[in-house]
Amino acid sequence: PSALGRLQGQVSGVQIITSNVPGGQASIRIRGLGTITDNEPLYIIDGVPSGPGNNLNPNDIESISILKDASSTAIYGTRGANGVVIITTKRGREGQRPTVSFSARTGIAQAVNQYDLLNTQEFGELLFLGARNMGRNPGVDWSHPQYGSGSEPRIPDYILPAGAMAGDPGVDPALYNYPSYLIMPANKEGTKWFDEIFRNAIMQEYDMAVSGGAENLNYAFSGSYLNEEGMLHHTGFERYTFRANTDAGITNFIRAGQSLQVSYNNQQGTLSGYGGDHSEASAVSFATFSLPIIPVYDIMGNFAGTRAPETGAQGNPVAKLYRERHNIGGYFRMLGNFYGEVSIIEGLDFRSTLGYNYGQWNGRNRTLVNPEHSEPDMTNVLNRSNNYTFQWNWSNTLNYRTTFGDDHRLNIILGSEAIENRFEWMNASRTDFFSTDPNYMQLSSGEDNQLNSGSMAEWSLFSLFGRVNYDLLGRYLFEVTVRRDGSSRFGPENRFATFPAASFAWNISGEDFMAGTRDWLDMLKLRLGWGLAGNDRIGNYATYSTFATHLSRAGYPIGGTGTPLRIGFQPTVRGNPDVTWETTETYNLGLDFIGLGNSVNFSVDIWERNTSDMLYQIGVPATMGEATPPYINIGEMKNVGFDIELGYNNTAFAGRFRYGLTGTISRYVNEIVKLSDDLEEEIVFGDLRQMYYTRTTAGRAFPEYYGYIVDGIFQTQAEADAHPPAFGPEGDYNRPGRFKYRDITGSGYIDAADQTYIGSPHPDFTGGLNIDLGYGNFDLNMFFYGSYGNDMINYHRRSLDYGSFDVNRSRDALYKSWGSPYLDNNADAKLAIQDMHTGTQLPSTHYIEDGSFLRLQNLRLSYSVPERFSSRMQIQRLRLFAQVTNLFTITNYSGLDPDLDLWGGHMGIDQGSWPTPRRIMFGVNLNL
Numbered sequence: 007p008s009a010l011g012r013l014q015g016q017v018s019g020v021q022i023i024t025s026n027v028p029g030g031q032a033s034i035r036i037r038g039l040g041t042i043t044d045n046e047p048l049y050i051i052d053g054v055p056s057g058p059g060n061n062l063n064p065n066d067i068e069s070i071s072i073l074k075d076a077s078s079t080a081i082y083g084t085r086g087a088n089g090v091v092i093i094t095t096k097r098g099r100e101g102q103r104p105t106v107s108f109s110a111r112t113g114i115a116q117a118v119n120q121y122d123l124l125n126t127q128e129f130g131e132l133l134f135l136g137a138r139n140m141g142r143n144p145g146v147d148w149s150h151p152q153y154g155s156g157s158e159p160r161i162p163d164y165i166l167p168a169g170a171m172a173g174d175p176g177v178d179p180a181l182y183n184y185p186s187y188l189i190m191p192a193n194k195e196g197t198k199w200f201d202e203i204f205r206n207a208i209m210q211e212y213d214m215a216v217s218g219g220a221e222n223l224n225y226a227f228s229g230s231y232l233n234e235e236g237m238l239h240h241t242g243f244e245r246y247t248f249r250a251n252t253d254a255g256i257t258n259f260i261r262a263g264q265s266l267q268v269s270y271n272n273q274q275g276t277l278s279g280y281g282g283d284h285s286e287a288s289a290v291s292f293a294t295f296s297l298p299i300i301p302v303y304d305i306m307g308n309f310a311g312t313r314a315p316e317t318g319a320q321g322n323p324v325a326k327l328y329r330e331r332h333n334i335g336g337y338f339r340m341l342g343n344f345y346g347e348v349s350i351i352e353g354l355d356f357r358s359t360l361g362y363n364y365g366q367w368n369g370r371n372r373t374l375v376n377p378e379h380s381e382p383d384m385t386n387v388l389n390r391s392n393n394y395t396f397q398w399n400w401s402n403t404l405n406y407r408t409t410f411g412d413d414h415r416l417n418i419i420l421g422s423e424a425i426e427n428r429f430e431w432m433n434a435s436r437t438d439f440f441s442t443d444p445n446y447m448q449l450s451s452g453e454d455n456q457l458n459s460g461s462m463a464e465w466s467l468f469s470l471f472g473r474v475n476y477d478l479l480g481r482y483l484f485e486v487t488v489r490r491d492g493s494s495r496f497g498p499e500n501r502f503a504t505f506p507a508a509s510f511a512w513n514i515s516g517e518d519f520m521a522g523t524r525d526w527l528d529m530l531k532l533r534l535g536w537g538l539a540g541n542d543r544i545g546n547y548a549t550y551s552t553f554a555t556h557l558s559r560a561g562y563p564i565g566g567t568g569t570p571l572r573i574g575f576q577p578t579v580r581g582n583p584d585v586t587w588e589t590t591e592t593y594n595l596g597l598d599f600i601g602l603g604n605s606v607n608f609s610v611d612i613w614e615r616n617t618s619d620m621l622y623q624i625g626v627p628a629t630m631g632e633a634t635p636p637y638i639n640i641g642e643m644k645n646v647g648f649d650i651e652l653g654y655n656n657t658a659f660a661g662r663f664r665y666g667l668t669g670t671i672s673r674y675v676n677e678i679v680k681l682s683d684d685l686e687e688e689i690v691f692g693d694l695r696q697m698y699y700t701r702t703t704a705g706r707a708f709p710e711y712y713g714y715i716v717d718g719i720f721q722t723q724a725e726a727d728a729h730p731p732a733f734g735p736e737g738d739y740n741r742p743g744r745f746k747y748r749d750i751t752g753s754g755y756i757d758a759a760d761q762t763y764i765g766s767p768h769p770d771f772t773g774g775l776n777i778d779l780g781y782g783n784f785d786l787n788m789f790f791y792g793s794y795g796n797d798m799i800n801y802h803r804r805s806l807d808y809g810s811f812d813v814n815r816s817r818d819a820l821y822k823s824w825g826s827p828y829l830d831n832n833a834d835a836k837l838a839i840q841d842m843h844t845g846t847q848l849p850s851t852h853y854i855e856d857g858s859f860l861r862l863q864n865l866r867l868s869y870s871v872p873e874r875f876s877s878r879m880q881i882q883r884l885r886l887f888a889q890v891t892n893l894f895t896i897t898n899y900s901g902l903d904p905d906l907d908l909w910g911g912h913m914g915i916d917q918g919s920w921p922t923p924r925r926i927m928f929g930v931n932l933n934l
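Going by my numbering, the sequence shown runs without a break in its numbering and finishes at 934.
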């Protein structure tokens, strides 16, 4: 996992979902969803605003701090409304002798879950069962081009020509002519597509670091290499990193230093293009729905597919992965800063820091011909994309510290910060290549459709801020922060906003009346906090209506019909000059306890988070064209919750046995307080195949699942006739075996008005439990992570259980559906009748599942080689370890993985993401 992914479940109030794609970034949400648009926190790496940090070598990290309440994030102003993640990398220490460290680990990643799908014979049985359920009579008035015209399914020897048997003249190999005449044998046992696309993926990572220091100087250098194969064939990720941190005391009152990180990532395969983690065009989705009768290859070793009649429209997932093996996405990044610090007088310091963040992306995507497909694309296409971003930030702070007597301590910080960002992109594509050799398939070789596009964008931010800390008697701590931000993303009238914050802490354990507790109470502190934070994440020119050139969409024949098109302009963004800051107000009450000789610690926070003037991209009529809709400010959202952390550590048996427990538990409740009067009563989200699965309205959470309530399955025609008809007063949906939808309006029939809120993706609780055990030189760590009370929509079941008969189906569709010959009693049916009626596929409680889970996320056994042995090899410290991640998951969810990395309007909707792999790793750490 990424550096941030390793914190999953270990910080209360923070949800971290890791992407299972090699090189994928972790997704973080702090204290729920605070707005209906962008909920991503601000990331700071060594003082430089950055992204989530998948370019970082985890071994370079000294600490990660997650700021959750506005009193602590206010100093970051506009960017801290969703919390702040501060990553600090390792530095050397003055006077430290040079230390060389090396680590290596290797292992494999395995896919642990698959869907339980039909084989070739079972799929044929389901086809014939479905025909009978639709009133057809196989062998009389219904037949199938592959499974025959009899009363029972017959498995052919070939699927192309359709339904052919051995000896048929059409399957003579002499007739084979690629790509015009293909011959595909039937896989009578059934192709196990998941086995064909997944593999045991090898991972290896190496890291070396040197750190040390002399008088007035310290340094830390490191380099690393990561090579991670994807669980899918022909996918993978490579990362190279280099880091250099140095600090120097130039004089007694001047100090300077710098931080530098250089990284290069390379992502290979289908991941870098269309059809990624959650797409219905992904290899995982293709493997799920491809029919088992289709083989991987035809008789000549070329790919087989759905060109055979009545075999669907899915792509061959093995072919997809193979053809996209040369797709790459390379990302180079250089990030760092230079700082200078001057001690002006005793207690007064000035610090100036200039940070930079440069990134360049270069992508190559090839789409190759697929003649085996039902709708073949016979044109080879190459897309090349290139973009770069450069951001600088310059901050200056004046820090004054003083004391008054023994009881008063004062710290004042005044500062300014300026940020400027520039982004440019270019895309080019060509078609019709003579050869698909990647060395030949370059832009200059494409013969047709020479399309180019590109643009740029800039934004800037200027801020002034101040912070005052006052410590009275070491027991009463006061802090006030004020920051004023000006963002170029808003119009001149709304560009600047002020964000104050205040906090108070009371060290109760320092009071005289607590003197009798000091033999067991180490610290007891009460905390109060309040603050405002802003959000300006609306893109760079949302206040302006912008236009762009486009030849095919906005070209004009200036010289009249038949003359060449002249490039024209078309609207790209509908601006709103009145849009302004989204503001978040947070209240926090906390209590910290440490006792029993620092062996027990406990912390609890109760908080409330109110967001007003939420930024929302409003829908516009299609008659307004393709331009991006404008942003407006709407309504209010409220989140309340609590975060608890508890830890205990101790030693026993003469210091040989060590043990420690750390647990976290969090809860939040989300509510839309009101929406704008300019909007409809509800906002809908979760659009999948023109069906909306989530929505929100005032008084409800954002988002919630929306659909029909299913009260069971009709068992008899009399029961169906007695129930309100669906859909509409004259609807003929009701019949034995179909869903019994609830008439919640009491209208006497079922229609769209009978949809209601049917579930919530928000958990009641999330938490983690970390167990550390040690004996002698052995250490064992177990980490459990879980979520309780959240619902999920298993969207894949819509097709697996009730889809059309040209996609593979779940075994439940044959064995546990109403009317199945394998059921002794239809009352025991788990699924509705198999008759392809679309009324069964509507959003409903039938697709809602309990998404609660408990996962043993990490199990690690380590052994420290005794120094008397390691010193003989000139090694100060030598440690060996074995580790397993995702060892098991306890859940009632029927999909591949209940831990989805989807947020916003699609939160908790499982569209067929990559399953979380099980990783088995071995490694070594040593210091010289």
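We put the CB at the ideal spot given by N, CA and C, even for glycine.
What residues are listed by DSSP as bridge partners for residue i?
| i | result |
| --- | --- |
| G497 | Looking at the DSSP assignment, G497 forms no beta bridge with any residue, so it has no partner. |
| P55 | I50 |
| M462 | E430 |
| N343 | S265 and G361 |
| K680 | E642 |
Roughly how many whole angstroms lie between the Cα atoms of residue i and residue j?
| i | j | result |
| --- | --- | --- |
| Y303 | Q116 | 25 Å |
| A293 | A137 | 25 Å |
| S858 | S919 | 17 Å |
| F204 | V579 | 42 Å |
| Y246 | G472 | 39 Å |
| K746 | T851 | 11 Å |
| T359 | N343 | 7 Å |
| I915 | N898 | 16 Å |
| I671 | E688 | 32 Å |
| P872 | R390 | 54 Å |
Excluding five sequence neighbours on each side, which residues of the same chain lie with their C-beta closer than 7 Å to the C-beta of residue i?
| i | result |
| --- | --- |
| T259 | Looking at the sequence shown, residue 259 is not Thr but Phe. Cβ neighbours of F259 beyond the five flanking positions: V348 and S349. |
| Q448 | none |
| N832 | Q721, W824 and G825 |
| D413 | L478 and L479 |
| R501 | G492 and S493 |
Going by the beta-carbon positions, is the gap between residue i and residue j smaller than 7 Å?
| i | j | result |
| --- | --- | --- |
| Y868 | D785 | The residue asked about is misnamed: residue 868 is Ser in this sequence, not Tyr. Against a cut-off of 7 Å, the Cβ pair of D785 and S868 comes out as a contact. |
| N363 | L341 | yes |
| T771 | L862 | It should be pointed out that residue 771 corresponds to Phe in this sequence rather than to Thr. Taking 7 Å as the Cβ cut-off, F771 and L862 do not qualify as a contacting pair. |
| N139 | Q761 | no |
| F599 | P577 | no |
| F248 | G218 | no |
Quick one: what's got a C-beta closer than 6 Å to residue i's C-beta in the same chain, skipping five residues either side?
| i | result |
| --- | --- |
| N892 | T922 and R924 |
| L223 | A254 |
| G176 | P167 and A170 |
| S157 | P144 and G145 |
So is the beta-carbon of residue i under 6 Å away from any non-hydrogen atom of the ligand FAD?
| i | result |
| --- | --- |
| S805 | The model on display carries no ligand, and the ligand FAD is accordingly not part of it. |
Checklist entry - How about the region 284-293 and the region 252-266: do they share at least three Cβ pairs that are nearer than 8 Å? => result no
Checklist entry - Below 8 Å, can you find three or more Cβ-Cβ pairs linking the region 206-217 to the region 302-316? => result no
Checklist entry - Does the region 397-417 come close enough to the region 82-96 that 3 or more CB-CB pairs lie under 8 Å? => result no
Next on the checklist: Check whether the region 515-534 and the region 596-608 are in contact - that is, three or more C-beta pairs closer than 8 Å.
Outcome noted: yes
Item to check | Validate contact between the region 27-43 and the region 239-257 using beta carbons, cut 8 Å, 3 pairs | outcome: yes
Checklist entry - Is the number of C-beta pairs between the region 507-518 and the region 426-433 that are closer than 8 Å three or more? => result no
Next on the checklist: Would you call the region 185-195 in contact with the region 98-110, where contact means no fewer than 3 C-beta pairs closer than 8 Å?
Outcome noted: no
Checklist entry - Can at least three beta-carbon pairs, one atom from the region 36-49 and one from the region 314-332, be found at a separation below 8 Å? => result no
Next on the checklist: Using 8 Å as the cut-off, can you tell me whether the region 535-547 makes contact with the region 588-595, which would need three or more C-beta pairs spanning the two stretches below that distance?
Outcome noted: yes
Checklist entry - So, do the region 641-652 and the region 613-625 have three or more beta carbon pairs nearer to each other than 8 Å? => result yes
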